[in-house]
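Line by line, the protein sequences give chains G and L. If you read the first sequence in UniProt numbering, its first letter stands for residue 1, the second for the next number, and so on. If you read the second sequence in UniProt numbering, its first letter stands for residue 1, the second for the next number, and so on.
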Amino acid sequence: GGAMSFLKRFPPPAEGVRHQQPDTEAVLAGRSLGAGTLYIAESRLSWLENSGVGFSLDYPTISLHAVSRDLNAYPWEHLYVMVNAKFGEEESKEAPMPEGEEEEDDSDDDAEPIAEFRFVPSDKSALEAMFSAMCECQALHPDPDDEDSDNDYEGEEYDVEAHELQQGDIPTFYTYEEGLSHLTAEGQATLERLEGMLAQSVSSQYNMAGVRTEDSIREFEDGMEVDIAPVVAGQFEDAEVDH
Amino acid sequence: MEVSHSVKERTIAENSLVILLQGLHGRVTTVDLRDESTATGRVTNVDAFMNVRLAEVTFTDRQGTVSRLDELFVTGRNIRYVHIPDEVDIRATIERQLQAIHRVRYFGGRDKGRKEFPRAKHK
Numbered sequence: 001g002g003a004m005s006f007l008k009r010f011p012p013p014a015e016g017v018r019h020q021q022p023d024t025e026a027v028l029a030g031r032s033l034g035a036g037t038l039y040i041a042e043s044r045l046s047w048l049e050n051s052g053v054g055f056s057l058d059y060p061t062i063s064l065h066a067v068s069r070d071l072n073a074y075p076w077e078h079l080y081v082m083v084n085a086k087f088g089e090e091e092s093k094e095a096p097m098p099e100g101e102e103e104e105d106d107s108d109d110d111a112e113p114i115a116e117f118r119f120v121p122s123d124k125s126a127l128e129a130m131f132s133a134m135c136e137c138q139a140l141h142p143d144p145d146d147e148d149s150d151n152d153y154e155g156e157e158y159d160v161e162a163h164e165l166q167q168g169d170i171p172t173f174y175t176y177e178e179g180l181s182h183l184t185a186e187g188q189a190t191l192e193r194l195e196g197m198l199a200q201s202v203s204s205q206y207n208m209a210g211v212r213t214e215d216s217i218r219e220f221e222d223g224m225e226v227d228i229a230p231v232v233a234g235q236f237e238d239a240e241v242d243h
Numbered sequence: 001m002e003v004s005h006s007v008k009e010r011t012i013a014e015n016s017l018v019i020l021l022q023g024l025h026g027r028v029t030t031v032d033l034r035d036e037s038t039a040t041g042r043v044t045n046v047d048a049f050m051n052v053r054l055a056e057v058t059f060t061d062r063q064g065t066v067s068r069l070d071e072l073f074v075t076g077r078n079i080r081y082v083h084i085p086d087e088v089d090i091r092a093t094i095e096r097q098l099q100a101i102h103r104v105r106y107f108g109g110r111d112k113g114r115k116e117f118p119r120a121k122h123k
């Protein structure tokens, strides 16, 4: 007894439901909880028995999920979900896990409680979609406790411009020479890198519209022909100069 | 090689060794999980948070029971170790992934002139 005490009555999720699978049996630790509907929503994974009671799992508590078609391991094709929590006593809805589970203390089984759920849809062909929906939702919940929380890389690719422009609200255009002096060290490094890459690509094969290759520039060194486009390094000058 | 469509994820990858794991795309790899189970399968995706997706998986749970799984998704937080296959040249793999990221970031067509990419993301 008590194994079903974590089942509660609640309304099915209304928002962000990526996939919904009716006629799905839920099995916990080999024990069937009945038939119901699985809701794979962005906020949490929920299962509601047809009678209206069920449970939810928070994605941070889910360590893995998988599609199992190995009938030797389990007689029905299903979605397997492994959860870092104890079930059967109390459902942890909000707090991802009880104390002590965060530790890398897994030499002892008790320190790493695991609950194994199986969701067996009557429509086996839906397993792919269920699996994919779960992958998408899991990706929406990256680990906040990640040690490598130096992941503050929001839009770093654009930060160089932000630095350059941080003096004025309205971006102004610089001539090539003026612009150089306004570059931060970062900006300068980026410019060098870009120019290097451009020089490499230009010198390889094609004449891109208006750009001379290294070879053709050399040909005209005696000044016979006016450059339609400036030399490689100043390629950006055309775009930037404000007449 | 697969490069994320997300600016943030590309930048995270570029600045961590996740980029190496992303270079294992298509390779059969063994992942040791935090709970001592292991999964061996073909890498189909690794995102910037080190969530790993494997196909055709042989899964050994912590009791040692072996089963096969068609597809497996394990969260980065629950991965203890990823076995890089011996034949993988780690440095070359990282460089290749960085190049792929830079191609996406900068000149889309810098290497190919007017030729189309085999896998054109835009247009």
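For every residue, glycine included, the Cβ atom is placed at its ideal position computed from N, Cα and C.
Exercise for the section: Please state if the CB of Asp23 of chain G and the CB of Ser125 of chain G are separated by a distance shorter than 8 Å. Expected result: Asp23 of chain G sits away from Ser125 of chain G, with the two beta carbons spaced by 8 Å or more.
Handout entry: Contacts around Val120 of chain G, its chain only, beta-carbon distance under 7 Å, and the 5 residues preceding and following it disregarded
Key = Here Val120 of chain G has Thr24, Glu25, Val27, Trp76 and His78 as same chain residues with Cβ atoms under 7 Å from its own Cβ, once five neighbours each way along the sequence are excluded.
Exercise for the section: Verify the CB distance criterion: does Arg42 of chain L have a CB-CB separation below 8 Å to chain G? Expected result: Chain G contact via Cβ: absent.
Problem - Member of G:Met4, G:Ser32, G:His65 and G:Arg9 whose CA lies at the smallest distance from the CA of Glu128 of chain G - result: With distances taken between Cα atoms, Glu128 of chain G lies closest to G:His65.
Problem - Secondary structure of Glu128 of chain G, DSSP reduced to three states - result: Of the three classes helix, strand and coil, the one that applies to Glu128 of chain G here is helix, per DSSP.
Exercise for the section: Would you verify that the beta carbon of Ser6 of chain L is, or is not, closer than 8 Å to some beta carbon of chain G? Expected result: No - not a single Cβ of chain G is within 8 Å of the one on Ser6 of chain L.
Handout entry: Extent of the continuous alpha helix (DSSP H) run through Ala13 of chain L
Key = Counted as a single uninterrupted DSSP element, the alpha helix (DSSP H) harbouring Ala13 of chain L occupies residues Val7 to Glu14.
Practice task
Could you tell me whether the stretch 3-22 of chain L touches the stretch 97-108 of chain L, using the rule of 3 or more Cβ pairs below 8 Å?
Solution key: Contact between the stretch 3-22 of chain L and the stretch 97-108 of chain L is present: 3 or more CB-CB pairs across the two stretches fall below 8 Å.
Problem - Start and end residues, alpha helix (DSSP H) containing His102 of chain L - result: For His102 of chain L, the enclosing alpha helix (DSSP H) has its first and last residue at Ile90 to Arg105.
Exercise for the section: Return the chain-ordered list of same chain residues with a C-beta closer than 7 Å to the C-beta of Gly23 of chain L, the five sequence neighbours on each side being excluded. Expected result: Correct list, in chain order: Met1, Thr93, Ile94, Arg96 and Gln97.
Problem - Interface positions of the stretch 67-80 of chain L facing chain G (Cβ-Cβ less than 8 Å), listed along the chain - result: Cβ contacts with chain G come from Ser67, Arg68, Leu69, Asp70, Glu71, Leu72, Phe73, Val74, Thr75, Gly76, Arg77 and Asn78.
Problem - Cut-off 8 Å between Cβ atoms - residues of its own chain near Asn78 of chain L, not counting five sequence neighbours on either side - result: Excluding sequence neighbours, Asn78 of chain L sits near Leu33, Arg34 and Asp35.
Practice task
Whole angstroms is fine: what's the gap from Ala35 of chain G's alpha carbon to Arg27 of chain L's?
Solution key: The alpha-carbon atoms of Ala35 of chain G and Arg27 of chain L are separated by roughly 38 Å.
Handout entry: Counterpart residues of Gly30 of chain G in DSSP-defined beta bridges
Key = Looking at the DSSP assignment, Gly30 of chain G forms no beta bridge with any residue, so it has no partner.
Practice task
Closer than 8 Å by beta-carbon distance: list the chain L residues that pair up with Leu38 of chain G, in chain order.
Solution key: Correct list: empty, because the minimum Cβ distance to chain L is about 16 Å.
Handout entry: Euclidean distance between Cα positions of Glu42 of chain G and Leu191 of chain G
Key = Straight-line Cα distance between these residues: approximately 41 Å.
Exercise for the section: Determine the closest residue to Arg44 of chain G out of G:Glu195, G:Arg69 and G:Val17, with distance taken between C-alpha atoms. Expected result: For the set G:Glu195, G:Arg69 and G:Val17, the Cα lying nearest the Cα of Arg44 of chain G is the one of G:Val17.
Exercise for the section: Could you pull the start and end residues of the beta strand (DSSP E) that Ile62 of chain G belongs to? Expected result: Residues Ile62 to Ser68.
Exercise for the section: Put Gln63 of chain L into one of helix, strand or coil per three-state DSSP. Expected result: If DSSP states are grouped into helix, strand and coil, Gln63 of chain L belongs with coil.
Exercise for the section: Find out if the Cβ-Cβ distance for the pair Met130 of chain G, Ile40 of chain G is shorter than 8 Å. Expected result: Yes.
Handout entry: Residue-level contact to chain G via CB, Arg53 of chain L, 8 Å cutoff
Key = Contact with chain G is found for Arg53 of chain L, since one of that chain's Cβ atoms lies less than 8 Å from the residue's Cβ.
Exercise for the section: Tell me whether His5 of chain L is buried or exposed, calling it buried when 16 or more other Cβ atoms sit within 10 Å of its Cβ. Expected result: That one is exposed.
Practice task
Determine the extent of the beta strand (DSSP E) in which Leu48 of chain G is found, giving its start and end residues.
Solution key: For Leu48 of chain G, the uninterrupted beta strand (DSSP E) run begins and ends at Leu45 to Glu49, by DSSP.
Problem - Inter-residue spacing [alpha-carbon to alpha-carbon] between Val66 of chain L and Ala189 of chain G - result: Taking the Cα positions, Val66 of chain L is about 52 Å away from Ala189 of chain G.
Problem - Neighbourhood of His19 of chain G by C-beta, 7 Å cutoff - its chain only, sequence neighbours within 5 removed - result: The beta carbon of His19 of chain G lies closer than 7 Å to those of Ile40, Ala129, Met130 and Ala133 in the same chain, with the five residues before and after it left out.
Practice task
Go to Ile79 of chain L, then tell me how far its alpha helix (DSSP H) extends in each direction, as first and last residue.
Solution key: For Ile79 of chain L, no alpha helix (DSSP H) run applies; the uninterrupted beta strand (DSSP E) run containing it begins and ends at Ile79 to His83, by DSSP.
Practice task
Could you tell me which of L:Asp47, L:Ala48 and L:Val52 sits nearest to Tyr81 of chain L, measuring between CA atoms?
Solution key: Ranking L:Asp47, L:Ala48 and L:Val52 by Cα distance to Tyr81 of chain L puts L:Val52 first.
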